[in-house]
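Reviewing the structure listed below.
Put into structure tokens, the structure is as follows:
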């Protein structure tokens with residue numbers, strides 16, 4: 001019996017050393033991420049809140065609509081964010097597809113072929129639209145872009161350790177138990193999410209906190225919107241001068257903005273920018289698209305759009321692309 | 328260099344530590360289980376009690392302008408418990424970790440808040456530092472054997488340096504001096520013997536003074552210290568007190584404090600002999616530490632000194 005305990009103790013010790021080594025070495029940690037399950041597989045709202053009620057596996061993975069690449073000379077470039085994590089070249093009816101994450105917007109795009117139809121879609125989630133678009137000197141002369149389609153992880157050692165340990169069962173259940181106890185007894189939830197309200201919804205705190213510029217309820221003046229529109233118009237000119245034939249802006253609204261129960265004091269930033277008469281850039285008005293549909297375009301356990309939202313958006317965009325291809 | 332106690336003590340003397348490090352160490356199950364148990368108690372004290380209290384105290388001491396009298400008094404009381412659980416929790420972890428590898432470190436706390444006088448308090452709080460100051464400063468200065476005024480001078484020197492050791496801030500020096508002055512008063516009037524109060528009253532009086540002195544220790548600067556006293560003086564019956572807690576968490580916090588005092592008083596220095604009990608208690612403390620712990624990267628208070 002003692003022998004078994006010795007071996008178990010030794011194995012446990014080695015396991016601990018391994019975990020600590022991986023969490024303190026960035027290179028090893030990056031290898032680990034490649035094999036580890038995605039921590040957001042149950043949604044970011046669940047990831048932050050850990051409340052068991054919101055634990056549900058997301059329908060994720062590359063969302064393909066086209067088996068073959070189109071022969072339509074369309075070169076589509078997207079500057080976007082995590083809303084595009086399920087999209088790939090097979091999601092669009094185009095010949096070439098390039099995705100650039102907002103964190104890696106290049107100094108220049110010098111691969112544009114003037115014989116192609118060069119289309120750029122600038123996509124941003126509404127909560128980040130204000131700081132992303134207000135000084136949107138998107139692309140200037142210089143270097144080549146990088147293609148990014150994975151979640152960048154930039155964590156300190158403690159966060160890495162937590163990432164490794166809490167990404168698996170039974171720890172996730174234990175975390176959920178703690179979250180449930182804290183909510184029921186102490187009326188507290190993780191600082192990154194709002195408390196469940198009477199409709200049992202949980203949102204990212206930055207979206208509901210009225211003091212945050214990312215909030216859907218932050219008071220945005222018309223002057224601020226004018227500045228954004230002006231900045232977008234400058235970008236539009238500049239981007240067209242480097243070879244883009246068509247440029248579209250698509251701001252994906254916060255889910256609260258589309259929910260009738262949360263519309264009071266909503267700042268309608270996405271719609272205000274996209275419907276501004278002075279805006280010269282063409283738009284893919286996601287707010288209108290989702291608002292006119294009876295379908296629910298968002299996950300309840302994640303701040304992103306669900307497959308329905310993706311289908312609504314992709315169908316609309318591909319219609320536009322098809323028309324441009326025919327021209 | 329010996330890492331487990333390096334950052335915040337206990338401050339071991341070479342004569343206690345070096346011979347242990349040089350001698351051959353054998354793995355011992357009882358030492359291992361006792362060490363793990365002691366560490367789990369330390370973690371519990373730190374993350375469940377100290378860091379929970381820190382939510383309240385930080386809220387008050389970092390926003391003194393908006394805190395009311397009752398909140399300030401509660402925060403002062405909470406800080407006394409917070410600093411004890413934070414520091415003794417670290418000590419428990421250091422002692423436990425050492426025990427696992429067969430090294431015995433000295434105890435650093437012995438129910439300090441049950442002291443009946445300030446003199447006794449310093450024999451029970453941060454024992455390794457107090458005894459270091461006594462052996463390497465107070466006694467070389469002449470200790471108790473010199474004249475009355477020299478003793479007073481020695482005490483003042485020792486306690487001012489003790490305050491200064493915590494940081495180059497007037498608050499720490501005043502904190503040290505306050506303790507020194509009360510100790511001189513106790514010694515010169517033989518207050519401990521002359522007071523006709525019962526044991527519990529003496530404990531409460533000592534605890535109240537220690538609480539008062541911690542204000543200087545916790546406040547960010549002298550202005551904040553004055554503001555703290557101003558807040559306390561302006562206490563009203565209508566003052567609210569919950570701040571970042573709801574009623575249940577507030578009661579839970581008080582129950583934790585009461586539980587801490589009772590458990591430490593009843594089981595101080597008593598060993599758990601049954602291995603099964605040790606394992607069960609360790610698992611209990613680990614699970615409770617996780618379920619009720621506050622994990623927001625709050626470092627140990629004494630790491631900064």
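Residue numbers (the numbering used here), protein chains in the order written: chain E, 1 to 327; chain Y, 328 to 632.
Just so you know, even glycine gets a beta-carbon here, dropped at the ideal spot from N, CA and C.
Remember, predicted model here, so these are calculated numbers, not experimental data.
| Asked | Found |
| --- | --- |
| Any C-beta of chain E under 8 angstroms from that of residue 575/Y | yes |
| Cα-Cα separation between residue 361/Y and residue 380/Y, rounded to whole angstroms | 27 angstroms |
| Chain-ordered residues of the region 179-204 of chain E with a beta carbon less than 7 angstroms from chain Y | 181, 185, 186 and 187 |
| Inter-residue spacing [alpha-carbon to alpha-carbon] between residue 19/E and residue 157/E | 11 angstroms |
| Reference residue 434/Y, options 450/Y, 447/Y, 454/Y and 445/Y, closest by Cα | 454/Y |
| Segments of 4+ residues assigned as alpha helix (DSSP H) that fall wholly inside the region 429-482 of chain Y | 445-451 and 454-460 |
| Cα-Cα separation between residue 177/E and residue 619/Y, rounded to whole angstroms | 11 angstroms |
| C-alpha distance - residue 303/E paired with residue 389/Y, whole-angstrom precision | 33 angstroms |
| Cβ contact check for the region 83-91 of chain E and the region 50-66 of chain E: 3 or more pairs under 8 angstroms | yes |
| Residue nearest to residue 588/Y in terms of C-alpha spacing, selected from 525/Y, 376/Y, 512/Y and 344/Y | 376/Y |
| Stretch pair the region 532-548 of chain Y + the region 475-489 of chain Y: three plus CB contacts closer than 8 angstroms | no |
| Other residues of its chain near residue 125/E: CB distance less than 7 angstroms, five sequence neighbours each side excluded | 81, 83 and 252 |
| Residue 610/Y: first and last residue of the uninterrupted alpha helix (DSSP H) it sits in | 602-619 |
| contact_flag[the region 541-553 of chain Y, the region 468-477 of chain Y] where n(CB pairs < 8 angstroms) is 3 or more | no |
| Straight-line gap, residue 143/E to residue 249/E (C-alpha atoms, nearest Å) | Residue placement at residue 143/E is flagged as unreliable, the pLDDT there being 36, under the threshold of 50; the coordinate-derived value follows with that caveat. Each residue's alpha carbon lies about 24 angstroms from the other. |
| Closer than 8 angstroms to chain Y by CB, residue 4/E | no |
| Cα-Cα separation between residue 141/E and residue 106/E, rounded to whole angstroms | Caution applies to residue 141/E, whose pLDDT of 43 falls short of 50 and renders its modelled position unreliable; the model cannot decide the point. |
| Cβ-based burial, residue 503/Y [other Cβ within 10 Å; buried from 16] | buried |
| C-alpha gap between residue 487/Y and residue 403/Y, whole angstroms | 22 angstroms |
| Through-space distance from residue 431/Y to residue 537/Y, alpha-carbon basis | 30 angstroms |
| Three-state secondary structure assigned by DSSP to residue 146/E | With a pLDDT of 38 at residue 146/E, under the threshold of 50, the modelled position of that residue is not reliable, and the figure given next carries that caveat. In the structure shown, residue 146/E sits in coil (DSSP, three-state: anything other than H, G, I, E or B). |
| Pairwise C-alpha distance: residue 372/Y and residue 489/Y | 25 angstroms |
| Boundaries (first-last residue) of the alpha helix (DSSP H) holding residue 101/E | Residue 101/E -> not in any alpha helix (DSSP H); beta strand (DSSP E) instead, spanning 96-101. |
| Three-way DSSP call (helix, strand, coil) for residue 166/E in this model | coil |
| Where the alpha helix (DSSP H) through residue 569/Y begins and ends | Where residue 569/Y is concerned, there is no enclosing alpha helix (DSSP H), given that its DSSP letter is neither H nor E. |
| Proximal residues to residue 165/E (C-beta, below 8 angstroms), its chain only, five neighbours per side dropped | 19 and 171 |
| Sequence-distant residues of the same chain with beta carbon closer than 6 angstroms to residue 262/E, five excluded per side | 256 |
| heavy atom of the ligand COA below 7 angstroms from residue 322/E C-beta | Absent from the structure shown: the ligand COA. Ligands present: none. |
| Stretch-stretch touch, CB-based, cutoff 8 angstroms, three pairs: the region 573-581 of chain Y with the region 181-196 of chain E | yes |
| Cβ-based burial, residue 560/Y [other Cβ within 10 Å; buried from 16] | exposed |
| Residue closest to residue 287/E, alpha-carbon to alpha-carbon, out of 313/E, 52/E, 161/E and 280/E | 313/E |
| Alpha-carbon to alpha-carbon, residue 283/E and residue 323/E | 15 angstroms |
| CA-to-CA distance, residue 311/E to residue 78/E, given in whole angstroms | 17 angstroms |
| Beta-bridge partners of residue 487/Y, as assigned by DSSP | Residue 487/Y is not bridged to any residue. |
| Own chain residues within Cβ distance below 7 angstroms of residue 214/E, not counting five before or after | 127, 128, 206 and 207 |
| In DSSP terms, what residue 298/E is bridged to | 305/E |
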